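Mapped onto numbering that gives the first Met the number 0, the consecutive letters of the sequence shown carry residue numbers 0 to 430.
Don't be surprised by glycine CBs; every beta carbon is placed ideally from N, CA and C.
These figures come from a predicted structure and were not determined experimentally.
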Amino acid sequence: MVSSRALDVFMDGIPCGRVEQTPTGNLTFRYSPEYQAVPDATPLSLSMPLAATSHKKRAVLPFLQGLLPDSDGALRTIARRFGISPSNPFAILEHIGADVAGALQFMQPDTESPDGTLSRSTVKPVTESDVAGMLDHVVAEYEDGTPYNDAAGRFSLAGAQPKIALHQLPNGGWGVPSDATPTTHILKPAAGNFNRLDVVEQLTMRAAALLGLEVAASELTTIGDWDVFVTRRYDRRLNGGTWHRIHQEDLCQALSVSPAKKYQHRDGGPGVSDIAPLARSFPLEEDRRIAGEALYRAFVFNTVAGCTDAHAKNYSVLLHGSSVHVAPLYDLATYAPYWDGESGIDLAMSVKGEYRLQRISKQMLISTGVQFGVPVDVAEDIVAHFSGHMVEAFDAARDELQGRMGSLPKVADDAASNVRKLPLIVSPDRR
Numbered sequence: 000m001v002s003s004r005a006l007d008v009f010m011d012g013i014p015c016g017r018v019e020q021t022p023t024g025n026l027t028f029r030y031s032p033e034y035q036a037v038p039d040a041t042p043l044s045l046s047m048p049l050a051a052t053s054h055k056k057r058a059v060l061p062f063l064q065g066l067l068p069d070s071d072g073a074l075r076t077i078a079r080r081f082g083i084s085p086s087n088p089f090a091i092l093e094h095i096g097a098d099v100a101g102a103l104q105f106m107q108p109d110t111e112s113p114d115g116t117l118s119r120s121t122v123k124p125v126t127e128s129d130v131a132g133m134l135d136h137v138v139a140e141y142e143d144g145t146p147y148n149d150a151a152g153r154f155s156l157a158g159a160q161p162k163i164a165l166h167q168l169p170n171g172g173w174g175v176p177s178d179a180t181p182t183t184h185i186l187k188p189a190a191g192n193f194n195r196l197d198v199v200e201q202l203t204m205r206a207a208a209l210l211g212l213e214v215a216a217s218e219l220t221t222i223g224d225w226d227v228f229v230t231r232r233y234d235r236r237l238n239g240g241t242w243h244r245i246h247q248e249d250l251c252q253a254l255s256v257s258p259a260k261k262y263q264h265r266d267g268g269p270g271v272s273d274i275a276p277l278a279r280s281f282p283l284e285e286d287r288r289i290a291g292e293a294l295y296r297a298f299v300f301n302t303v304a305g306c307t308d309a310h311a312k313n314y315s316v317l318l319h320g321s322s323v324h325v326a327p328l329y330d331l332a333t334y335a336p337y338w339d340g341e342s343g344i345d346l347a348m349s350v351k352g353e354y355r356l357q358r359i360s361k362q363m364l365i366s367t368g369v370q371f372g373v374p375v376d377v378a379e380d381i382v383a384h385f386s387g388h389m390v391e392a393f394d395a396a397r398d399e400l401q402g403r404m405g406s407l408p409k410v411a412d413d414a415a416s417n418v419r420k421l422p423l424i425v426s427p428d429r430r
């Protein structure tokens, strides 16, 4: 008789519980009594509170799915490499669960997490040519499922775009961790259907930062033949010479929604009516107030800037004990440089039931603030701020990038010029 399989789960090196999968595919997660007894312990997910010892498949499955790539090609590649099913996230994490988003590690039963030894300093340096090869192969994985037995195969990155995770060395070079040292940066090659999306993403991230939003630190670089968008992981922190994992989850995981349903518009996934109540349910009152406004500000920015990929997986929260904070923003990209100026722009999340940007008014955005617990007068100021200063922010971001790169591809000018034409923008020449 085939028995159940199990994986022990560690939170930054501390054992917190066990995931079990039965032969029929049923999943459960159970917190260990010792972890539940820890004062102000951090939950695995907002969907799996510590008050309950055991959690069922309804919450466990989407949480595990959210730790894996969104690409079917990448999942098939991993599955072929290890002889497992691409639709079984538990089986995949048996092989690549040692370094995932947040503070978690998934280990074979009765295996100590290397994090527990605090041996977090061994990194194998790799050359630029090595990194270029990794980028070549990860793009092939996402595009056609070409298998690649990479040296960093124990890492799992969620998302729909090809990317790799590496550890940045003190000299600025790259390395692959070989003990408990976590990866520190995510490298995303400019591949896919959108021309120089790396430039557009950097401009949008910098514009958001200039407008006062907290975003993940990022930069552009060239590695081999690839233009690469590099993000510093906000869920990794160096403290006293030791790297630590900081726990986080995206809003699909927090809401027990499969990543296959991340788009409200296309998939019936989470929208404002889901994420706003989630923020209002955070354990601490001060966190609820701060998170509500932070999520609303991010939602308004994404709407005004025409960021059409702002689905629930592109918002995350940081978890620490009972405290919950909105994570720095990531994967921000305006559609402006690819827009012809006339066709409709459809958003990932609706504003008062409307997805078409051209049909959304500032008043609709302002009234949405109430759902996040934001007073009307504050919501008015937030909408006016982003509508009135978006053009200047993109102009400044473009000038900043030009100062670093010397020359810019046409898409950078297209982004700055087309942002002016977006429906909710008040450009300087229209004031």
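D7, buried or exposed, once every other Cβ within 10 Å from all chains shown has been counted against 16: buried
Residues near Y262 by beta carbon distance below 7 angstroms, same chain, minus five either side: G268, H310, A347
Under the three-state DSSP convention, the category Q362 falls into: helix
D7, enclosing alpha helix (DSSP H) - first and last residue: Careful: D7 lies outside any alpha helix (DSSP H), inside the beta strand (DSSP E) at 4 to 10.
Contact set for H324: own chain, Cβ-Cβ below 6 angstroms, skip 5 residues either direction: L317
Touching by the beta-carbon criterion (3+ pairs, under 8 angstroms), the segment 348 to 357 and the segment 411 to 428: yes
I381 versus V229: straight-line alpha-carbon distance, rounded: 29 angstroms
Bridge partner(s) assigned by DSSP for Y30: G16
A392 and A215 closer than 7 angstroms at C-beta: no
C-beta atoms of A332 and E200 nearer than 7 angstroms: yes
Under the three-state DSSP convention, the category Y233 falls into: coil
N-terminal and C-terminal residue of the beta strand (DSSP E) that A216 is part of: Taken as a continuous stretch (DSSP letters only), A216 belongs to no beta strand (DSSP E), as it is neither H nor E.
Buried or exposed by the 16-neighbour rule on C-beta atoms within 10 Å, applied to A78: buried
Environment of K55 [buried if 16+ CB atoms lie within 10 Å]: exposed
Cα-Cα separation, F193 to D226: Rounded to whole angstroms, the gap between the alpha carbons of F193 and D226 is 13 angstroms.
Cβ distance (whole Å) where P14 is taken to contact Y34 below 8 angstroms: Your pair P14 and Y34 checks out as a contact, with CB atoms roughly 7 angstroms apart and the cut at 8 angstroms.
Alpha helix (DSSP H) segment containing Q401, residue limits: From DSSP, the alpha helix (DSSP H) with Q401 extends over 375 to 404.
Those residues which DSSP pairs with I344 across a bridge: DSSP, once it has assigned bridges, lists no residue as partnering I344.
Outcome for A151 when other beta-carbon atoms lying within 10 angstroms are tallied against a minimum of 16: Caution is warranted here: a pLDDT of 42 is assigned to A151, below 50, making its placement in the model unreliable, and the coordinate value is therefore given only provisionally. Buried.
Start-to-end residues for the alpha helix (DSSP H) that takes in D249: According to the DSSP assignment, D249 belongs to no alpha helix (DSSP H) but to the beta strand (DSSP E) extending over 247 to 249.
Residues near G291 by beta carbon distance below 8 angstroms, same chain, minus five either side: Only A275, A278, R279, F371, G372, V373 meet the Cβ criterion.
For R265, the first and last residue of its enclosing beta strand (DSSP E): Taken as a continuous stretch (DSSP letters only), R265 belongs to no beta strand (DSSP E), being part of the alpha helix (DSSP H) at 263 to 266.
Backbone secondary structure at T116 - three-state DSSP: Model confidence at T116 stands at a pLDDT of 47, short of 50, so the residue's coordinates are unreliable and nothing is read from them.
Exposure label - H319; buried when at least 16 CB within 10 Å: exposed
Whole runs of the alpha helix (DSSP H) within the segment 252 to 339, excluding any shorter than 4 residues: 263 to 266, 271 to 279, 284 to 303
DSSP state of N417 mapped onto helix, strand, coil: helix
Neighbourhood of A253 by C-beta distance below 7 angstroms, restricted to the same chain and skipping five residues each side: S44, L45, S46, L277, V316
Beta-carbon gap between V299 and M389 smaller than 7 angstroms: No; because the gap between Cβ atoms is not below 7 angstroms, this pair is not in contact.
Residue from L294, D224, Y334 with nearest C-alpha to L328: L294
Segments assigned alpha helix (DSSP H), at least 4 residues, entirely inside the segment 60 to 122: Within the segment 60 to 122, the complete alpha helix (DSSP H) runs of at least 4 residues are 71 to 81, 88 to 95.
Where the beta strand (DSSP E) through V175 begins and ends: 173 to 176
Spatial neighbours of K351 in its chain, beta-carbon cut-off 6 angstroms, leaving aside the 5 residues before and after: M363
Exposure of T23, with buried meaning 16 or more beta-carbon neighbours within 10 Å: Flag for T23 reads exposed.
Alpha carbon of D149 to alpha carbon of T21, nearest angstrom: In this prediction, D149 scores a pLDDT of 48, lower than 50, which makes its location untrustworthy; the coordinate-derived value is nonetheless stated afterwards. Each residue's alpha carbon lies about 30 angstroms from the other.
Whole-number beta carbon distance between I185 and E127, since they are thought to touch under 8 angstroms: So it is not a contact: roughly 17 angstroms between Cβ atoms.
Helix, strand or coil at V227 according to DSSP, with G and I counted as helix: Correct three-state label for V227: strand.
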